[in-house]
Structure formats: C-alpha cells, structure tokens
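Taking it in order: structure first as structure tokens, then the write-up.
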Amino acid sequence: MTVKLEARSLGKTYGQFVALQPTNIQVKEGEFLTLLGPSGSGKTTLLQMISGLVLPTSGQLLIDGKDATHTAPGKRGMGLVFQSYALFPHMSVWDNVAYGLRMRRLGKAETKTAVDDALAMVRMQDFAHRYPNELSGGQQQRIALARCFAYRPSVILLDEPLGALDKNLREHMQLEIRHMHKELGATFIYVTHDQEEALTLSDRICLMNRARIEQLATPQELYDRPATRFAAEFIGHSNVLQVRRENSQQFAVEGRLVDFSGCVGQEVAQTVAEDAFVLVRPEAARLTEPAKGLLVGYVDECVFLGSDTRALIRLPSGARFSVRCARQVKPLVGNQVGITWDADRATLLAAEARP
Amino acid sequence: MNLRRGLWPAIPALLFLCLFFLLPVGEMLMGSFQDANGDLSLGNFQRIASTPIYGRVLGITFWISALTALVAVLLAYPIAYLLTRLSPYGRERWMLWIMLPFWTSYLVKTYAWMLLLSRKGLVTTLAASVIDNPSGLVPALSGVLIGMVHSMLPLAVITLLPIMRSIDQRLAPAAQTLGASRAMSFFSIFLPLSAPGIAAAALLVFITSLGFFIVPALLGSPREMMVAQLVISSVLDLFDMRFAGALSVVLLASSLVVFLIYDRVAGLSSLGGEAPEGKRSGRGLQVLIWLGHFTARFGKERARGGDSKLLTGYSIVLVMLLILPVLIVVPLAFTSSPFIAFPPKMYSFKWFEEFFTSPVWQAALMRSFGVGIATALLALVLGFGATMALTRLSAGWRKGLFVLFIAPLIVPRIVIALGLLYLFSRIGLAGKDLGLVLGHTVLALPYVVVTLSAAFKQYDWRLDDAARMLGASTFTRLRTVTLPLMSASLVSAFLLAFITSFDDLTVAIFVSGGINTTLPKQMWDSIQLALTPTLAAASTTLLVFIVFFAVVAQWVSRRSISKRKGL
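Heads up: the sequence lines are chains F and E, in that order. Note that my numbering numbers the first sequence so that position 272 is 256, with each residue one more than the last. Note that my numbering numbers the second sequence so that position 85 is 94, with each residue one more than the last.
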C-alpha cells in the first residue's frame, strides 16, 4: 500500500509549552487511523497540523510524497469534521453541504448531484431545506459528515466527532462511520479519547501521551501487547502488579514466586534488572482453589455487569485484582480464593521513569 | 497567532486615532502649559487656582455629575433587573422604548424640558392655576438635574444590562433552595455580582456628565455653570485657546483619576460587557446578608409574580417619564401662533413649511445626513478591523488596545473637540465637512468597537476554520460567513455611529463654522436666540427620524433573534 501522508519530525511549541514533540508517522492510503490519548496528549495538535489550521514549529508534512507543510488548509484535498460540527447557522443544510463544492467552482448540475449524494449517504435528504439549529445533535453530526464527504476529499479528518452524543447514538454512529469509510475508500484520521471507540473503528491506533506517540499498532496488538504501562492502563481494564526479579525466570509477586516463562514480553524478562510490572487482563484470569492459585487473596466485592460478573480480590499488599467470571458464578465475599492465568496472557513490562 | 499577523486589521484604526485623537489632544494639553508667547508656564493653572469663580465652576461640575450618576444608576437598576428576567422578545420590546429617548438628540430633549420648565412652560402654567406665585417652582439646580438624569438614564440602563445578563440565572433559585428568601438571594447573590455593572454605569454617566454643557446652559442659571461652558466661552468669546486647554487638562485629569479608580475597583473589561472575576471580602458579604435579613423582615414573602408586577409598574412609569416629556414638542410644532405658549393654538403646518423651505435649515439637515453617513461608514470600516484584531490578540495586547479604542469615550468630548480645533485650524480643515467627518469618527469609533466586540465574542471562530478547510479564501470567508453572521451587529453599530454624528453638538460647535453648520449646531444657535415654533418643528422632524431608526434597529435585531432560534 502506498503512503498517503507522512509527518517527519513534525512538532509544535507555544513558547515554552510543548504541544507536540517532533513526531514521525506514516499513514497509508485508505487506512483508518485513530489518534487516541487523554486530553493534552497532543492528538488534536497533530490533527490540526495535518489539516493545516495550525502551522508546525518544526518538521515537515508530506502528502502523496510531496511537501505540503505550508499548503493552505483548503488546498490539501482534506476534509475536517469538527467536534462541535461548526455548521454555518445562517445557511440551510443544502447550502452547508454545497459550500465546499462552490469553493471549488463546480457546475450547478454537478454540485446538485454531489450534494444529493452526500445527503443520501447520511440519509438526510428530507432535511435539505432545514437550518442547522432545527436539527438534533445526531442530525447535525450527519450534516457535518455530509459536508465533509460532499467534495470527495482523499483524506478525512475527524476531531472527536461523536463527543457530544449520548452513548446509544454514539455506538450507532460508529458503525455508520465505519461503513462510510468502506464506501468512500478515503484515508480517515480520527481523534478520540474513548478507547472503546478507537478499538471498534481503527485499522491502526496511534496512542499518544505527554505530547508524543506512546505506541502505534493495530487494535489487537495494542490490547494484547501494550508496550508500556501507560498503554496497558489506558486500553481496556487491566491488573498491573509490581514484580521483582528473584532469579532467571522467577519473579516475586504479592509474596509469592511466579514463573513468567512463556509470558508476553520475554525480551523484557531477559533484560530487566530488578523491578518490573506484570499486566493481566481481567478476562485472562480465573478464580481457583487457594492451593492451585498463582496468587491468593480474599473476595472483597462482587459486581454484576450483565454479561458477566466481576470479582474484586484483595491481595496481601492491599491491591485489588479484578477477575472476570461467568455470570452464574457468585464468589462469596470474604472467602479465600486463588487466582491463576495462562502464561501467554500475562505481559511483562519494564518499569519506566514516571514523571 | 503571532503579533504582526494579528495586529494588521487594527492598523488603520490605530493610525487614525493617533492622528486625530492622541496627537491633537496631546498638543492641546501641551499648549495649556504655555503662556501667550509660547513659553513654558503654569500661568493658566495659577489663574484657575487663584480665581474663586473657576473653583466654584469646577466644584459644581463635579457635584452635578456625581448627583446625576447616582440618581441615574439608582433609577436605572430596577429597569435593567427587570429586563434580565424577560424573554429575548420581551426584552427587545422594552429596549425599543428605552432606546428611543437614548437616541433622541440631547438638544431636543433639553428643548422639551425648557418648554416644560420655563417661566411660561407647561408645568409653571399648570401650577399657576393652583398656587399664586409659581416662578421659581423648579429651582435651577433641580432643572439641570432633571435634564441631566433624563438624558443619562438610558445610558445607565444599557451599560448595566450586559453585565446583569452575564449573571447565571440559576444562581438565585440555587440560593433559595439553600434557604435564602427572595430578598436575601437578591442581596447576597445578584447585587454583588452586578456590582461591576453599577460601577461601569456610574463611570460612564459621570464622565459623560463632566463634559456636558447643553443642559446646564439651557436649563440652569449662571450658578449652575459647568466647566464645558467655560471652555466654550473662553474659545468662542475670549479666543483664549491656552486657557481653554488648561481647563481641559483639569477636566481630563479628573476623568482619568475616576477612570483609574474604576479600573482598580471594577476592572476595565466590564465596559465591554464582561463580568470580571472578582474577589469579595467576607465582611462585604456579611453586610449584604444582614441587608437581606433586614429587608426580608419587611416584605412578607410574596407569591411569585407579586414583586415582578411592582417592578414592571415601576419600569412603565419610568419609561413614560423618559418619553412623554419629549413629546411636548409635537403639539407645539403645529401651533398657529408665532410664540410658544400653552395651550398651543391649533393648528398649522407653517412652522414645518418654514423648516423645510428655509435654506439655512435645509443645508444644515442635508449636511448632518451626509456627515452622519460618511462617519458611520468610516467608523464601521475602522472599527471592524480594530475589533477583529482585538479578538485574535493575546490578553495583554487586547486590554491595552481596547483602552485606546474606547478612550474617546472616556476623554470628555469637549477636550477632543478643542484638540481637533487646534489641529484643524492649522491644516485648513476647520469649517470643512471632512473635518466634521473625521472628528465625528473619533467619537463614534468606541461605540462601534464596543458593539462589534460583543458580537465577535459570540462569533464561533471554528466556523471560519470550517470554511477554510472547505477551501474558502480569506475574502470569501469574510463575505460568506463572518459578515452575514454579524449583520445585525453591523447594522446596529452603523446606526449608533450615525446617531453619534447626527446628534453631536460639541465637535460641531468648534469645527463647523460660519454657514457650514449641522442641524444640532443650527438648533443650538437659534435656541439661544428665542424659543420659536420652528425649533419645535425641527425637533418633531428629528423625532420622526429617530423613531424610524429605532424601529429599523429593532427589526434587525429581532430578525437575528429569530434566525438564531431557527424560527
């Protein structure tokens, strides 16, 4: 696949404040890439520099292999869907969607076809003559998408487009956006702080933290093989325990010796000096008899979540370990239980310098 | 946004203010420190300090201005409070009745009060039928105060309103759920939060009053002479520009002191309708809570609506007091007698005929229109750039520039007018229409900047970004997005600038000369000669114009409300 977009040491500072460290990233043509991270992680800055609305203070941006660092936003062949939709309140839905086409001086008939197509795609044909403030949040969202698709940009940027919608509508729109991505075949770059949304939508996720890229991987890789403790904790639920090397394969955890041969992150196991972390997902762990458990603790709380039950086990250090159980399993609070997991579902992480 | 890119739209306005505001005012101030030979001297100030009569004039100026500010703000507060509680439509309806007297020329208003309060006026005539010797019924000081408060009340309301509206409406119910009575929630919540508005309104009324001369000259006796009258007479009668300059320095210095105190206490941004973040002392709050307890003991807790009826009744009475006195000019314009007298002998159109056929009045009317439109256009273009720069610059620059742009509002008008006379008489613009336009634009620019600042504050710059992403150039974005969305504010800024020019007498007295007079100047000249019915006809014509403008402005803003709501 060809590279659609490339950032080379692209960075942004505002005076002393670093919004984005010099960053390298390649986006493939037709890819759905999500920039995921907490607020202030630099994801929106990166998106805005790609869009051209914010100029970088260092580095280069290449589109189709050509330098486009200083190309005007409207000349990059990109579309941007704003977080707040940014629909023009004084124009009808139709005029909003036609705006980008008119700026490109398309013929009347051509414009009409393109606008009607775009509105049909978001199933809003019947609302063409309404004004934005007569529409619900979800409808405005559709119009914002249609306005962006109408002139068929080859790159579509979406800045937390579903942030203002409620949970049900958001999940519905996620599916629609996935569908539109397939239909349009354009490159999508999507900003969100919602990890579930990122997992659902993306071909690849670019996890960002503290103004730099933390990890760039497919959703499954990111979930199963987080490279850092931050990645492990940001994506999905996870139990992170401190471990200390005792001998070549054995680590002390919660007062016990556990063999981590066969776990994910063997290279860490080989190189790590003393302290490290181990990550075990709740669904990878099982409850068992105390004698058979890798770890032992007392049942602290049992939470029914509908599809399953989550048992919270108090470990000797006082930390709580979350285990996902089948819904009919109801461990008694106060009972001693053992916790075990398959060796290849645990991930060993090097201890990192925390700020 | 780097400074150079952010600043450029403001550069025309900055240059304009430097040339026609800072330079002339500064030069005039320098001039006051020179004697007749141009040598450095404090002689002018010694003269002011050593002549008791000047001290008295200064004293009475401050006294009248302070009283006016106090009374106007007290009377205006309940109306503004009522307006914050109404729906946008209800508010617009009330605003029309408050803006009508605001936009009515000071001259017309004062002329109406002269007709009412003078020895042969309506009030005296009515009183004569009840008491024997009614002369001196309305003492001159009260007459001046009535005229001043009547002129300033609308200004106080429209300054209070934006700050009051920025107060979160849910705070009062929140206080009430915590056990506060309605009186208590007013005193402990609304009153302290609206304090910056009170300060802003009092400041604007006080400073505007300092430079007043129409009301004291026409309604007062020599005992109520104010500084601005003294300045005018030293220029026009004594031809002593340096002494007039020295008087202006005193006026300007006192305005600045008041202004600095204000900035310390309330923060400048409240002039732009922004409620500053304030830290209030615990003791102040204690006093307010005590006031709340005290008041609650009197009024029984009325059912909702009881006190708002009282408030509405009060506001109706006050608005009628604002409007009705002015309407006195209408019947008098139709009198058939050559004198002003009550009751007027009905009726005849001859005074309108005279007004519309007399070449002097015609020329003055036409000039006022032309100058007004040119001023409004120039001020709008300069002000738009200035405001656009203001919204995009960093906070530090923004505050500094905002002060400069509204400075012509803070510096008493008479000081600006005198400075312009200095400048224009040297470069040959005195008595020229261009001079009038330039001078009026200095006066109108702050109104445009304040009006457009409020509009830009509501403007969503992401719409500009959206249009940019969709491929629109700077100019296209301005044409298709920014300007259409701000059209209502642009129209009201234009009208405000036009009225500022159309109504101005201060600059016109100094800058327009000889036969090139404007309508207010012509009225002023003839008012001082005699109260003829032609003046009533002129005033009635002006009133009709004002009603027309106010209705247009109202229509525009109502249309923008309904558009925002999507109706």
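Yeah, the Cβ is synthetic: ideal placement off N, Cα and C, and Gly gets one too.
From the DSSP output, read off the bridge partner residues of Trp325 of chain F.
As a first step, residue 325 of chain F is located in the first sequence; it is residue number 341 there, counting from the start. Answer is F:Ala269, bridged to Trp325 of chain F.
Report the residue ranges of all beta strand (DSSP E) runs contained in full by the segment 391 to 423 of chain E; include only those spanning at least 3 residues, in chain order.
The qualifying runs do not exist here; there are none.
Please report the residue range of the alpha helix (DSSP H) in which Gly206 of chain E lies.
Residue numbering aside, residue 206 of chain E sits at position 197 when the second sequence is read from its first letter. First-last of the alpha helix (DSSP H) with Gly206 of chain E: Leu200 to Leu219.
Helix, strand or coil, according to DSSP, for Val65 of chain F in the structure here?
For the purposes of this step, residue 65 of chain F is taken as the residue at position 81 of the first sequence. In this structure, Val65 of chain F counts as strand in the three-state DSSP scheme.
Sort F:Leu4, F:Gln179 and F:Leu46 by Cα distance to Glu144 of chain F and report the nearest one.
Sequence index remark: in the first sequence, residue 144 of chain F carries index 160 (1-based). Considering only alpha carbons, the answer is F:Gln179.
Is Cys247 of chain F near the ligand GTP - that is, is its Cβ less than 7 angstroms away from at least one heavy atom of it?
Only the bare structure without any ligand can be found here, which leaves the ligand GTP out of the picture.
State the start and end residues of the unbroken beta strand (DSSP E) segment that holds Ser138 of chain F.
Position 154 of the first sequence, counting from 1, holds the residue named residue 138 of chain F. Unbroken run through Ser138 of chain F: none, as it is neither H nor E.
Taking Ala295 of chain F as part of the alpha helix (DSSP H), name the residues at either end of that continuous run.
In the first sequence, the residue the question calls residue 295 of chain F occupies position 311. Unbroken run through Ala295 of chain F is the beta strand (DSSP E), Thr293 to Arg298; no alpha helix (DSSP H).
According to DSSP, is Leu191 of chain F part of a helix, a strand, or is it coil?
As a first step, residue 191 of chain F must be located in the first sequence, where it is residue number 207. Reduced to three states, the DSSP call for Leu191 of chain F is strand.
Measure from the alpha carbon of Ile155 of chain E to the alpha carbon of each residue in E:Ser218, E:Thr384 and E:Ile198, then state which is nearest.
The residue given as residue 155 of chain E occupies position 146 in the second sequence. The residue with the shortest Cα to Cα distance from Ile155 of chain E is E:Ser218.
Where does the unbroken beta strand (DSSP E) through Gln5 of chain F begin, and where does it stop?
Walking along the first sequence from the start, residue 5 of chain F turns up at place 21. Gln5 of chain F -> beta strand (DSSP E) spans Phe1 to Lys12.
When burial is assigned at 16 or more other CB atoms within 10 Å of the CB, is Trp122 of chain E buried or exposed?
Walking along the second sequence from the start, residue 122 of chain E turns up at place 113. The residue is buried, with at least 16 neighbouring Cβ atoms inside 10 Å.
Could you work out which residues of chain F lie near Pro493 of chain E, taking near to mean beta carbons separated by less than 7 angstroms?
If you number the second sequence from 1, residue 493 of chain E lands on position 484. What Pro493 of chain E touches in chain F: His74.
Under the three-state reduction of DSSP, which class applies to Val237 of chain F: helix, strand or coil?
Residue mapping note: residue 237 of chain F aligns to position 253 of the first sequence, counting from 1. Three-state DSSP puts Val237 of chain F in a strand.
What separation, rounded to the nearest whole angstrom, lies between the Cα atoms of Asp579 of chain E and Ser377 of chain E?
Any answer about residue 579 of chain E is impossible in this case: the structure gives chain E only from 10 up to 576.
So for Ala303 of chain F, helix, strand or coil by DSSP?
Your numbering for residue 303 of chain F matches position 319 in the first sequence. Here Ala303 of chain F sits in coil by DSSP.
If we call anything under 8 angstroms between Cβ atoms a contact, is Thr384 of chain E one with Ala453 of chain E?
Reading the second sequence from its first residue, position 375 is the one you call residue 384 of chain E. Reading the second sequence from its first residue, position 444 is the one you call residue 453 of chain E. Contact flag set, yes.
Where does Phe519 of chain E sit, in a helix, a strand or coil, going by DSSP?
Sequence index remark: in the second sequence, residue 519 of chain E carries index 510 (1-based). Phe519 of chain E: helix per DSSP, three-state reduction.
For Met478 of chain E, decide whether its Cβ has a neighbour in chain F, counting only Cβ atoms nearer than 8 angstroms.
Locating residue 478 of chain E in the second sequence gives position 469, where the first residue counts as 1. Closer than 8 angstroms: yes.
Determine the closest residue to Leu200 of chain E out of E:Val214, E:Ile241 and E:Ile176, with distance taken between C-alpha atoms.
Start at 1 with the first residue of the second sequence, and residue 200 of chain E comes out as number 191. Among E:Val214, E:Ile241 and E:Ile176, the Cα nearest to that of Leu200 of chain E is on E:Ile176.
Examine chain E for any beta-carbon lying closer than 8 angstroms to the beta-carbon of Pro57 of chain F, and answer yes or no.
Taking the first sequence and counting its residues from 1, one reaches residue 57 of chain F at position 73. So yes, Pro57 of chain F belongs to the interface.
Using a Cβ-Cβ distance under 8 angstroms, would Ser35 of chain F count as near chain E?
For the purposes of this step, residue 35 of chain F is identified with residue 51 of the first sequence, where counting begins at 1. Closer than 8 angstroms to some Cβ of chain E, the Cβ of Ser35 of chain F qualifies, so yes.
Alpha carbon to alpha carbon, how far is Trp325 of chain F from Leu278 of chain F?
Reading the first sequence from its first residue, position 341 is the one you call residue 325 of chain F. Reading the first sequence from its first residue, position 294 is the one you call residue 278 of chain F. The alpha-carbon atoms of Trp325 of chain F and Leu278 of chain F are separated by roughly 8 angstroms.
Shorter than 8 angstroms from the beta carbon of Thr400 of chain E to some beta carbon of chain F?
The count along the second sequence starts at 1 and reaches residue 400 of chain E at position 391. Chain F, which has no Cβ nearer than 8 angstroms to the Cβ of Thr400 of chain E, makes this no.
Using a cut-off of 8 angstroms between C-beta atoms, extract the partners of Ser68 of chain F located in chain E.
Along the first sequence, one-based indexing puts residue 68 of chain F at 84. Per Cβ cutoff of 8 angstroms: Asp469 and Arg471.
Please report the residue range of the beta strand (DSSP E) in which Gln199 of chain F lies.
Here the question's residue 199 of chain F lines up with position 215 in the first sequence. Start and end: Arg196 to Ala201.
As an exercise, report each continuous alpha helix (DSSP H) stretch of at least 4 residues that is fully enclosed by the segment 447 to 517 of chain E, in chain order.
The segment 447 to 517 of chain E contains these whole alpha helix (DSSP H) runs: 470 to 478, 483 to 486 and 496 to 512.
According to DSSP, which residues form a beta bridge with Asp259 of chain F?
Here residue 259 of chain F is taken as the residue at index 275 of the first sequence, counted from 1. Answer by DSSP bridge pairing, in chain order: F:Arg228.
In the DSSP assignment, the alpha helix (DSSP H) including Tyr115 of chain F goes from what residue to what residue?
For the purposes of this step, residue 115 of chain F is taken as residue 131 along the first sequence, with counting starting at 1. Where Tyr115 of chain F is concerned, there is no enclosing alpha helix (DSSP H), given that its DSSP letter is neither H nor E.
If contact means a Cβ-Cβ distance below 9 angstroms, which residues of the segment 488 to 512 of chain E contact chain F?
Flagged, chain order: Thr489, Val490, Pro493, Leu494 and Ser496.
List the endpoints of the continuous beta strand (DSSP E) containing Ser(-7) of chain F.
As a first step, residue -7 of chain F must be located in the first sequence, where it is residue number 9. Looking at the DSSP string, the run of the beta strand (DSSP E) that includes Ser(-7) of chain F is Val(-13) to Tyr(-2).
On a Cα-Cα basis, can you pick out the residue from E:Val500, E:Ser501, E:Leu472 and E:Ala497 that is closest to Leu487 of chain E?
Here residue 487 of chain E refers to the residue found at position 478 of the second sequence. Checked all of E:Val500, E:Ser501, E:Leu472 and E:Ala497; the closest Cα to Leu487 of chain E is E:Leu472.
So, under 8 angstroms CB-CB, Gln531 of chain E and Leu105 of chain E are touching, yes? Tell me the CB distance rounded to an integer number of Å.
As a first step, residue 531 of chain E must be located in the second sequence, where it is residue number 522. As a first step, residue 105 of chain E must be located in the second sequence, where it is residue number 96. 29 angstroms between Cβ atoms; not a contact.
Hey, how far is the Cα of Phe72 of chain F from the Cα of Tyr174 of chain F?
Start at 1 with the first residue of the first sequence, and residue 72 of chain F comes out as number 88. Start at 1 with the first residue of the first sequence, and residue 174 of chain F comes out as number 190. Roughly 22 angstroms between the two C-alpha positions.
Note the first and the last residue of the continuous beta strand (DSSP E) segment covering Gln44 of chain F.
Start at 1 with the first residue of the first sequence, and residue 44 of chain F comes out as number 60. First-last of the beta strand (DSSP E) with Gln44 of chain F: Ser42 to Ile47.
Straight-line CA distance for Leu16 of chain E to Ala195 of chain F?
Taking the first residue of the second sequence as 1, we reach residue 16 of chain E at position 7. Taking the first residue of the first sequence as 1, we reach residue 195 of chain F at position 211. So the two alpha carbons sit approximately 30 angstroms from each other.
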